[in-house]
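J.: Here's a structure for you.
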Amino acid sequence: MLSKKVEEALNDQIRIEAESSQVYLSMASWAEVKGLEGIAQFMYAHSDEERMHMLKLVKFVNERGGHAHVSELKAPKHDFNTFQKMFQELYEHELFVSNSINELVHITLQEKDYATHNFLQWYVAEQIEEEALARTILDKINLIGNDKGGLYLFDRDVQQITVESAAKDTEA
Ligand code: OFO
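First residue of the sequence shown: 114, per my numbering; consecutive thereafter.
Dropping the structure here:
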């Protein structure tokens with residue numbers, strides 16, 4: 114059984130995962146309109162992953178006798194200026210999500226809720242991967258600079274990153 118405090122914190126995280134999904138969906142749409150097909154596919158897949166993170170929490174809250182809430186979401190912005198800035202924002206967004214997961218883990222310890230603490234370890238591990246992935250992408254972007262050929266290859270490569278992480282997710 115979840116304490117009220119843990120239930121509320123989990124519901125906050127459900128909203129954050131849903132908002133993350135919206136942010137990446139908006140990034141996907143922007144990239145698609147700009148003709149950045151590979152980047153768009155990467156962002157669509159990332160948006161789906163965030164929805165999966167949200168659903169996993171919804172199921173957990175309900176299974177543990179709580180009630181998962183579906184909340185109103187903040188609208189993401191529609192314009193991302195350059196794809197370099199967009200990936201920088203993705204990285205910063207993931208750092209924000211990691212912080213919020215850490216806070217949540219902290220609350221479960223305060224409340225001595227070891228079942229939820231254990232469940233959240235999946236999210237802790239996931240955030241390590243997501244941050245590493247975002248940093249790898251930013252490193253690649255720095256290498257490319259303003260080189261058009263480099264951008265072409267990056268747009269193609271980033272699609273492969275999508276495929277690889279999707280394959281890893283089905284194994285898990
Ligand atoms: Fe990209 O983060 Fe969810 O958990």
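C-beta atoms are modelled at their ideal positions from N, C-alpha and C, and glycine is treated no differently.
Would you say the beta carbon of V210 comes nearer than 7 Å to a heavy atom of the ligand OFO?
T.: Result yes, Cβ under 7 Å from the ligand OFO.
J.: Using the three-state DSSP reduction, which class does G178 fall into: helix, strand or coil?
T.: Correct three-state label for G178: coil.
J.: Would you mind working out which of M165, Y137, F155 and I241 sits nearest V271, comparing C-alpha positions?
T.: Nearest of M165, Y137, F155 and I241 to V271, Cα basis: F155.
J.: Just checking, does the segment 130–141 make contact with the segment 237–252 on the three C-beta pairs under 8 Å criterion?
T.: Touching, no, given that fewer than three Cβ pairs across the two stretches are closer than 8 Å.
J.: From this set, H191, K172, F267 and D192, which residue's C-alpha is nearest V183's C-alpha?
T.: Answer by Cα proximity: K172.
J.: Please go through the same chain and pick out, in chain order, the residues whose beta-carbon is closer than 8 Å to the beta-carbon of L251, but skip the five residues on each side of it.
T.: Cβ neighbours of L251 beyond the five flanking positions: F200, Q201 and Y204.
J.: How is S133 classed by DSSP in three states: helix, strand or coil?
T.: Here S133 sits in helix by DSSP.
J.: Is S133 near the ligand OFO, with its Cβ less than 7 Å from a heavy atom?
T.: Yes.
J.: Which runs of the alpha helix (DSSP H) at least 4 residues long sit entirely within the segment 198–258? Give them in chain order.
T.: Listed in chain order, the complete alpha helix (DSSP H) runs (minimum 4 residues) inside the segment 198–258 are 227–257.
J.: In whole angstroms, give me the CA-to-CA distance for F232 and T221.
T.: One C-alpha to the other measures close to 10 Å.
J.: Say whether the segment 135–142 touches the segment 159–173, bearing in mind that this needs 3 or more beta-carbon pairs closer than 8 Å, one atom from each stretch.
T.: The segment 135–142 is in contact with the segment 159–173.
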